[in-house]
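J.: Encoded as structure tokens, here's the structure I'll be asking about.
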Amino acid sequence: MENSNVTAGEKKLDWDDIFNVFGDDFDRFDFPADVYRVTAGFGGEALLIAGSEKTALLDCGMAYCGEKMVEKLARRLAENGREKLDYIILSHSHYDHMGALPYVRRRFPEAMVCGSRHCRDILRRPNARKLIKELGEAARELYDPESNVEIPVDGLAVDVILEDGDVVSLGNGYLVALETKGHTDCSMSFALEPAGILFTSESTGMLETSEYVHTPILKDYSDAMKSLKKCREYGAKYICLPHFGMLPQYFNERYWEMFEAACREKLGFVGDMVSRSLTEGQMTDEYIKRYWNPALEKVQPVEAYVINARAIIKAMMKALE
Numbered sequence: 001m002e003n004s005n006v007t008a009g010e011k012k013l014d015w016d017d018i019f020n021v022f023g024d025d026f027d028r029f030d031f032p033a034d035v036y037r038v039t040a041g042f043g044g045e046a047l048l049i050a051g052s053e054k055t056a057l058l059d060c061g062m063a064y065c066g067e068k069m070v071e072k073l074a075r076r077l078a079e080n081g082r083e084k085l086d087y088i089i090l091s092h093s094h095y096d097h098m099g100a101l102p103y104v105r106r107r108f109p110e111a112m113v114c115g116s117r118h119c120r121d122i123l124r125r126p127n128a129r130k131l132i133k134e135l136g137e138a139a140r141e142l143y144d145p146e147s148n149v150e151i152p153v154d155g156l157a158v159d160v161i162l163e164d165g166d167v168v169s170l171g172n173g174y175l176v177a178l179e180t181k182g183h184t185d186c187s188m189s190f191a192l193e194p195a196g197i198l199f200t201s202e203s204t205g206m207l208e209t210s211e212y213v214h215t216p217i218l219k220d221y222s223d224a225m226k227s228l229k230k231c232r233e234y235g236a237k238y239i240c241l242p243h244f245g246m247l248p249q250y251f252n253e254r255y256w257e258m259f260e261a262a263c264r265e266k267l268g269f270v271g272d273m274v275s276r277s278l279t280e281g282q283m284t285d286e287y288i289k290r291y292w293n294p295a296l297e298k299v300q301p302v303e304a305y306v307i308n309a310r311a312i313i314k315a316m317m318k319a320l321e
């Protein structure tokens, strides 16, 4: 693995390049535990964790494919001899990770939604719900333009507040909640024990190629560095990244090194733009030119990417003060 400072914009990618980082023989969703991918479309993943006594859905993806995801979830539960979903665990409040929550709650009304306190507060805000709906509609138009499926915002709520270090018992296994701010103030990672799988948040990045880690630090650079330290020192056997899946065990430390290097690179890039006294619009244009790749639209609509780009630039500028 060479040159961790190569950016997505400098090396234009095909769709297959983005996720096939470790070759055809490596399955990113072959989990060393009873964890099942029930994702039904583009965007964030939806992962079912089946404990001996209770079940949990870790994130649920976008609303446009919510009905299909719920059907996959129900089938997988049935295959495991289950009918009930006990928990819905939210990594954070962004539409691509929890937009389908209303569909899940309609099908499994007894399930308890767990997330951070700030996630709960965000989902109570009318403006946040409005943005979630707007971005969900943009995703529907991009990924399923013939669809007129509803993009609901009813049921966007957290029932159980999780603090750093809290444990959700599933019977023979349990989830440990880790506060990992940086991407958002509501971001959390979760460790499944005793399997030793750390499901990280976007605060500690996403692998896009063997040479590039995307660093979507929307809120606070120093918080992201604290999250890096926390996750790295947790020492999980396995790492599962958002918008990617599992890493090979041999790559764990290399990933943390790449994320750290990519953060420094982006901080330097923004610092250079500041030194040239570019306007906010010019900075956004430069950022998109450097980091955006059209192949990434299968993960994130460009409209959402631009919104995030502006936030990342502001977070980096704050760190440079």
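Using full-length UniProt numbering, the letters of the sequence shown map in sequence onto residues 1 to 321.
Positions of the beta carbon are idealized from the N, C-alpha and C atoms, including for glycine.
Could I get the ranges of all uninterrupted beta strand (DSSP E) runs contained in the segment 57 to 94, with 3 residues as the minimum, in chain order?
T.: 87 to 89
J.: Report the CB separation of ARG129 from TYR64 in whole angstroms; it is logged as a contact under 8 Å.
T.: In the sequence shown, residue 129 corresponds to position 129, counting from 1. In the sequence shown, residue 64 corresponds to position 64, counting from 1. Wrong, their Cβ atoms sit about 16 Å apart, outside the cutoff.
J.: Along the chain, where does the beta strand (DSSP E) containing ALA315 start, and where does it finish?
T.: The residue given as residue 315 occupies position 315 in the sequence shown. Premise fails: ALA315 lies in the alpha helix (DSSP H), 302 to 320, not in any beta strand (DSSP E).
J.: With ARG129 as the anchor, note down where its alpha helix (DSSP H) starts and where it stops.
T.: Along the sequence shown, read from residue 1 onward, the residue named residue 129 stands at position 129. Segment 126 to 143, the alpha helix (DSSP H) holding ARG129.
J.: Taking Cβ to Cβ, would you say THR204 is nearer than 8 Å to CYS231?
T.: The count along the sequence shown starts at 1 and reaches residue 204 at position 204. The count along the sequence shown starts at 1 and reaches residue 231 at position 231. Yes. Within cutoff.
J.: How about the segment 297 to 313 and the segment 247 to 260: do they share at least three Cβ pairs that are nearer than 8 Å?
T.: no
J.: Taking the straight line between their C-alpha atoms, what separation do you get for GLU67 and ALA100?
T.: As a first step, residue 67 is located in the sequence shown; it is residue number 67 there, counting from the start. As a first step, residue 100 is located in the sequence shown; it is residue number 100 there, counting from the start. Taking the straight line from one Cα to the other gives about 8 Å.
J.: Pick from ARG310, GLU303, TRP292: whose alpha carbon is nearest that of THR279?
T.: By one-based count along the sequence shown, residue 279 stands at place 279. For THR279, the nearest C-alpha among the options comes from ARG310.
J.: When the Cα of HIS214 is compared with those of GLY173, TYR238, ILE288, which residue comes out closest?
T.: Against the sequence shown, residue 214 aligns to sequence position 214. Cα-wise, what sits closest to HIS214 is ILE288.
J.: For PHE19 and GLU303, what's the separation of their Cα atoms in angstroms?
T.: Numbered from its first residue, the sequence shown carries residue 19 at position 19. Numbered from its first residue, the sequence shown carries residue 303 at position 303. Rounded to whole angstroms, PHE19 to GLU303 spans 22 Å at the Cα level.
J.: Keeping to the same chain, check which residues put their C-beta closer than 7 Å to that of ALA236; ignore five residues upstream and five downstream.
T.: Your numbering for residue 236 matches position 236 in the sequence shown. Closer than 7 Å at the Cβ level, and outside the excluded window around ALA236, lie ALA191, GLY196, ILE197, LEU198.
J.: Name the residue from HIS92, TYR87, ASP96 whose alpha carbon lies nearest to the alpha carbon of GLU110.
T.: The sequence position of residue 110 within the sequence shown is 110, counting from 1. Considering only alpha carbons, the answer is TYR87.
J.: Taking VAL270 as part of the alpha helix (DSSP H), name the residues at either end of that continuous run.
T.: Position 270 of the sequence shown holds residue 270. Where VAL270 is concerned, the enclosing alpha helix (DSSP H) stretches over 252 to 275.
J.: In angstroms with no decimal places, state the Cα-to-Cα distance between GLU53 and PRO32.
T.: Taking the sequence shown and counting its residues from 1, one reaches residue 53 at position 53. Taking the sequence shown and counting its residues from 1, one reaches residue 32 at position 32. One alpha carbon belongs to GLU53, the other to PRO32, and they sit about 18 Å apart.
J.: Between the Cα of VAL70 and those of HIS243, ASP121, ARG37, spot the shortest distance and give me the residue it belongs to.
T.: By 1-based counting over the sequence shown, the position of residue 70 is 70. Among HIS243, ASP121, ARG37, the Cα nearest to that of VAL70 is on ARG37.
J.: With DSSP as the reference, label VAL153 as helix, strand or coil.
T.: Here residue 153 refers to the residue found at position 153 when the sequence shown is read from its first residue. Coil, per DSSP.
J.: Please check the pair GLY44 and HIS97, which I expect to be a contact at CB under 8 Å, by giving their CB distance rounded to whole angstroms.
T.: In the sequence shown, the residue the question calls residue 44 occupies position 44. In the sequence shown, the residue the question calls residue 97 occupies position 97. So it is a contact: roughly 4 Å between Cβ atoms.
J.: DSSP has ARG28 in a bridge; who is on the other side?
T.: Residue numbering aside, residue 28 sits at position 28 when the sequence shown is read from its first letter. Its beta-bridge partners do not exist; DSSP assigns none.
J.: Based on Cα-Cα distance, which residue from GLY61, LYS266, TRP292 lies nearest to HIS92?
T.: Stepping through the sequence shown from its first residue, residue 92 is reached at position 92. Checking every option, the nearest Cα to that of HIS92 belongs to GLY61.
J.: For ALA46 and TYR305, I'd like the C-alpha separation in whole angstroms.
T.: Start at 1 with the first residue of the sequence shown, and residue 46 comes out as number 46. Start at 1 with the first residue of the sequence shown, and residue 305 comes out as number 305. Distance between ALA46 and TYR305, taken at the CA atoms: about 21 Å.
J.: Below 8 Å between beta carbons: does that hold for PRO242 and THR200?
T.: Your numbering for residue 242 matches position 242 in the sequence shown. Your numbering for residue 200 matches position 200 in the sequence shown. Going by C-beta atoms, PRO242 is nearer than 8 Å to THR200.
J.: For LEU320, count neighbouring C-beta atoms within 10 Å of its own C-beta (all shown protein chains included) and say buried if the count is 16 or more, exposed if not.
T.: As a first step, residue 320 is located in the sequence shown; it is residue number 320 there, counting from the start. Classification of LEU320: exposed, given that the 10 Å Cβ count is below 16.
J.: Which residues share a DSSP beta bridge with MET206?
T.: Reading the sequence shown from its first residue, position 206 is the one you call residue 206. DSSP, once it has assigned bridges, lists HIS214 as partnering MET206.
J.: Taking only three categories from DSSP, how would you classify CYS186?
T.: Walking along the sequence shown from the start, residue 186 turns up at place 186. Of the three classes helix, strand and coil, the one that applies to CYS186 here is coil, per DSSP.
J.: If I follow the unbroken beta strand (DSSP E) through VAL176, where does it start and stop?
T.: Along the sequence shown, one-based indexing puts residue 176 at 176. 174 to 179 is the extent of the beta strand (DSSP E) around VAL176.
J.: Given 7 Å as the limit, tell me if GLN282 has its C-beta closer than that to any heavy atom belonging to the ligand ADP.
T.: Among the components of this structure there are no ligands whatsoever, and the ligand ADP is therefore not found.
J.: Taking C-alpha atoms, which residue in ALA40, HIS94, TYR95 lies nearest to LYS72?
T.: Numbered from its first residue, the sequence shown carries residue 72 at position 72. When only C-alpha atoms are compared, the closest one is ALA40.
J.: Is ASP159 closer than 8 Å to MET112 when the C-beta atoms are compared?
T.: What you label residue 112 is simply residue 112 of the sequence shown in a count that begins at 1. What you label residue 159 is simply residue 159 of the sequence shown in a count that begins at 1. Yes. Within cutoff.
J.: Measure the C-alpha to C-alpha separation of GLY182 and ARG290 and round it to an integer number of angstroms.
T.: Walking along the sequence shown from the start, residue 182 turns up at place 182. Walking along the sequence shown from the start, residue 290 turns up at place 290. Answer to the nearest angstrom: the Cα atoms are 22 Å apart.
J.: Note down the Cα distance separating THR284 from PHE269, rounded to an integer number of angstroms.
T.: Counting from 1 along the sequence shown, the entry for residue 284 is found at position 284. Counting from 1 along the sequence shown, the entry for residue 269 is found at position 269. Cα to Cα, THR284 sits roughly 12 Å from PHE269.
J.: When burial is assigned at 16 or more other CB atoms within 10 Å of the CB, is PRO126 buried or exposed?
T.: Counting from one through the sequence shown, the residue named residue 126 turns up at place 126. Classification of PRO126: exposed, given that the 10 Å Cβ count is below 16.
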